[in-house]
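At position 203 of the sequence shown (counting the first as 1) the number is 597 in this note's numbering, and the numbers step up by one without a gap.
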Amino acid sequence: MITLFRHCRIATCDERSQVFERGAVLTRDGVIEWVGEESGLPAGLRPDRTIELAGRWLTPGLVDCHTHLVFAGQRASEFARRTAGASYAEIARAGGGILSTVRATRAASDEELLAQSRPRLQSLLAEGVTTVEIKSGYGLEVATEARMLRVARRLGAEHPVTISATLLAAHAVPPEFTTRADDYVDLVCREWLPALRASCDSVDAYCEDIAFSAAQCDRVFAAARALGLPVRLHAEQLSNVGGSQVAARHGALSCDHLEYATEADAAALARAGTVAVMLPVAFYALAEQQRPPISAFRRQGVPLAVASDCNPGSAPGASLLLAMNMARRLFGLTSAEVLLGVTRHAARALGLDGQRGSIAPGLAADFAVWSIDSPDELGYWAGFNPCSMVVKEGAVVLERNV
Ligand code: NIG
Ligand code: FE
């Protein structure tokens with residue numbers, strides 16, 4: 395099946411960030427075959443289907459490269475406590491926070507988890523998001539971690555969205571191991587990683603003094619890398635405990651949060667080719683004061699991505715567009731940085747560069763179509779969604795009147 399998308403302005407987000415003002419894209423069986431100015435369309439072409447876009451903007455389907463969208467319940471009461479002055483770390487130390495969602499998730503059936511998570515994925519899809527990373531980390535026992543990964547895969551099977559599943563067993567010390575974090579890390583390395591190796595695409599950990607130390611994350615990463623699994627890290631979110639150096643040493647795909655990262659951390663990430671993932675919704679919802687060192691990332695040439703961090707604690711909500719807006723307003727990213735941050739760089743953060751996240755021949759035909767006058771409007775609107783069509787592997791999967 396050959397489909398022609400025509401009469402559109404195209405931001406390719408390719409290596410050269412090419413833009414076509416009177417553009418067209420040709421897809422064959424779900425893969426991009428040609429993109430360029432419509433005047434240069436290969437002659438003698440007989441598309442099976444032509445989709446007229448009336449001058450709208452077409453970008454790669456967006457990639458949300460950091461979410462925890464599979465979970466049960468909510469933590470509105472913690473949000474209320476935080477708005478009244480309590481801190482995220484205080485609540486976590488008192489057995490709330492992540493552990494509160496662990497209790498709800500363990501108690502939920504697969505069907506309940508699916509039913510609660512589905513609307514979050516659908517809200518991302520309606521924003522043109524066609525690839526989503528989903529982490530486990532609310533099981534903290536092997537059976538529930540496995541179940542979370544299974545539910546993530548089932549969501550992918552049910553929706554026109556590519557899912558990248560991440561094992562985040564080292565998210566918090568489970569209640570069964572209080573005061574024995576090292577024993578828990580041993581168990582994860584020795585038994586869980588080999589057992590869940592085929593169920594996930596990468597391995598994550600939370601490096602923070604309320605979670606796991608740099609030395610513990612180092613052990614998790616060594617075990618993951620020995621099994622051939624790529625790694626990523628939650629690092630330097632609330633303090634600097636050396637996580638980005640560990641991530642860089644293991645050639646992590648991404649290092650995420652990074653508010654407390656230093657120039658030396660940025661340099662290490664740049665050398666390792668690790669993507670720095672900005673999570674401004676968590677920064678906002680936790681009312682953090684310390685901004686990530688964006689100018690150091692720019693100076694060192696660290697690729698920047700932006701993600702929703704969708705989770706019930708630090709980033710309640712399921713909107714990548716809002717994250718883009720906050721990345722611009724709160725962190726000072728430019729519209730060009732934000733667009734690359736949810737396309738090419740986000741795909742790279744998932745090890746999917748060269749497969750998704752750009753519009754170029756040979757890549758999957760995942761597109762978002764926007765009712766906007768300029769790509770500057772991406773990350774400009776706060777709480778408004780100008781996405782009017784979503785295309786997954788060449789097929790129109792969603793249309794919205796906007
Ligand atoms: O990315 N930092 C750790 N993990 C999540 C929060 C998870 C939660 O609070 O439930 C984050 O912010
Ligand atoms: Fe997170």
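Positions of the beta carbon are idealized from the N, C-alpha and C atoms, including for glycine.
Tell me whether alanine 709 sits in a helix, a strand or coil according to DSSP, three-state version.
In this structure, alanine 709 counts as coil in the three-state DSSP scheme.
Can you list, in chain order, the residues of its chain whose CB lies under 6 Å from that of asparagine 634, leaving out five sequence neighbours each side?
Tyr654.
Quick one: is the Cβ of aspartate 703 within less than 7 Å of any heavy atom of ligand 2?
In this structure, aspartate 703 has its CB closer than 7 Å to one or more heavy atoms of ligand 2.
With 16 other Cβ atoms within 10 Å as the buried cut-off, status of aspartate 458
Buried, since its Cβ has 16 or more Cβ neighbours within 10 Å.
Quick check: is any heavy atom of ligand 2 less than 7 Å from the C-beta of histidine 460?
True, at least one ligand heavy atom lies under 7 Å from that Cβ.
Using beta-carbon positions only, say whether aspartate 595 and serine 558 come within less than 8 Å of one another.
For the pair aspartate 595 and serine 558, the CB atoms are nearer than the 8 Å cut-off.
Suppose the cutoff is 7 Å on Cβ atoms and the five residues either side in sequence are ignored; what does the same chain contact list for glutamate 446 look like?
These residues qualify, in order along the chain: Arg400, His401.
Less than 8 Å between the C-beta atoms of arginine 665 and alanine 646, yes or no?
With contacts defined by Cβ atoms closer than 8 Å, arginine 665 and alanine 646 do not form a contacting pair.
If you draw a straight line from the alpha carbon of valine 460 to that of alanine 712, how long is it in whole angstroms?
The residue you asked about is not valine; residue 460 is histidine in the sequence shown. Looking at the two C-alpha atoms, the distance is approximately 11 Å.
Taking isoleucine 552 as part of the alpha helix (DSSP H), name the residues at either end of that continuous run.
What sits at residue 552 in the sequence shown is glutamate, not isoleucine. It spans 536–552 - the alpha helix (DSSP H) in which glutamate 552 sits, taken as one unbroken run.
For glycine 735, the first and last residue of its enclosing alpha helix (DSSP H):
Bounds of the alpha helix (DSSP H) holding glycine 735 are 729–735.
Give a single yes or no on whether threonine 495 has its beta carbon closer than 7 Å to a heavy atom of ligand 1.
Threonine 495 Cβ: within cutoff of ligand 1.
Spatial neighbours of methionine 720 in its chain, beta-carbon cut-off 7 Å, leaving aside the 5 residues before and after
So the list reads Pro674, Val675, Tyr678, once near-sequence residues are dropped.
At least three beta-carbon pairs within less than 8 Å, the segment 486–505 to the segment 756–769
Taking 8 Å as the limit for Cβ pairs, the verdict is that the segment 756–769 does not touch the segment 486–505.
Between which residues of its own chain and valine 582 is the CB-CB distance below 8 Å, once the five residues before and five after are set aside?
Excluding its 5 nearest sequence neighbours in each direction, valine 582 has C-beta neighbours in its own chain below 8 Å: Ala563, Ala564, Val614, Ala617, listed in chain order.
Does the Cβ of histidine 401 lie closer than 7 Å to at least one heavy atom of ligand 2?
Proximity of the beta carbon of histidine 401 to ligand 2 is not indicated: no heavy atom of the ligand is located closer than 7 Å.
Test item: CB-CB of glycine 707 and threonine 495 under 8 Å
With contacts defined as CB atoms closer than 8 Å, glycine 707 and threonine 495 qualify as a contacting pair.
Among Ala642, Val669, Glu630, Leu663, nearest to leucine 652 - alpha-carbon criterion:
Ranking the options by Cα distance to leucine 652, first place goes to Glu630.
In whole angstroms, what is the alpha-carbon distance linking phenylalanine 606 and valine 791?
Straight-line Cα distance between these residues: approximately 41 Å.
Which residue marks the beginning of the beta strand (DSSP E) containing arginine 403, and which one marks its end?
Under the DSSP assignment, arginine 403 falls in the beta strand (DSSP E) whose first and last residues are 396–405.
Report the three-state DSSP secondary structure of glycine 748 (helix, strand or coil).
Secondary structure of glycine 748 (DSSP, three-state): coil.
In the DSSP assignment, the alpha helix (DSSP H) including glycine 528 goes from what residue to what residue?
In the sequence as presented, glycine is not what sits at residue 528; that position holds isoleucine. From DSSP, isoleucine 528 is part of no alpha helix (DSSP H) but of the beta strand (DSSP E) over 523–529.
My assumption, with CB atoms under 8 Å, is that glutamate 644 sits in contact with cysteine 601. Please give the rounded CB distance.
It should be noted that the sequence gives histidine, not glutamate, for residue 644. Their Cβ separation, rounded to whole angstroms, is 12 Å, which puts histidine 644 and cysteine 601 out of contact at 8 Å.
Would you call the segment 404–420 and the segment 727–742 touching, i.e. three or more CB-CB distances under 8 Å?
Counting C-beta pairs closer than 8 Å gives three or more between the segment 404–420 and the segment 727–742, which meets the contact rule.
Could you name the residues of the same chain whose beta carbon sits closer than 8 Å to that of glutamate 585, not counting the 5 residues immediately before and after it, in chain order?
Its chain contains Val536 as the residues whose beta carbon lies nearer than 8 Å to that of glutamate 585, once the 5 sequence neighbours on both sides are disregarded; these appear in chain order.
Any non-hydrogen atom of ligand 1 closer than 7 Å to glutamine 749 Cβ:
For ligand 1, not one heavy atom lies less than 7 Å from the Cβ of glutamine 749.
Report the CB separation of alanine 699 from serine 648 in whole angstroms; it is logged as a contact under 8 Å.
The beta carbons of alanine 699 and serine 648 sit about 7 Å from each other, so the pair counts as a contact at 8 Å.
Straight-line gap, glycine 490 to leucine 632 (C-alpha atoms, nearest Å)
Going by the C-alpha atoms only, they are around 17 Å apart.
Is the CB-CB distance between arginine 541 and glycine 533 below 8 Å?
Cβ distance < 8 Å, so arginine 541 and glycine 533 count as in contact.
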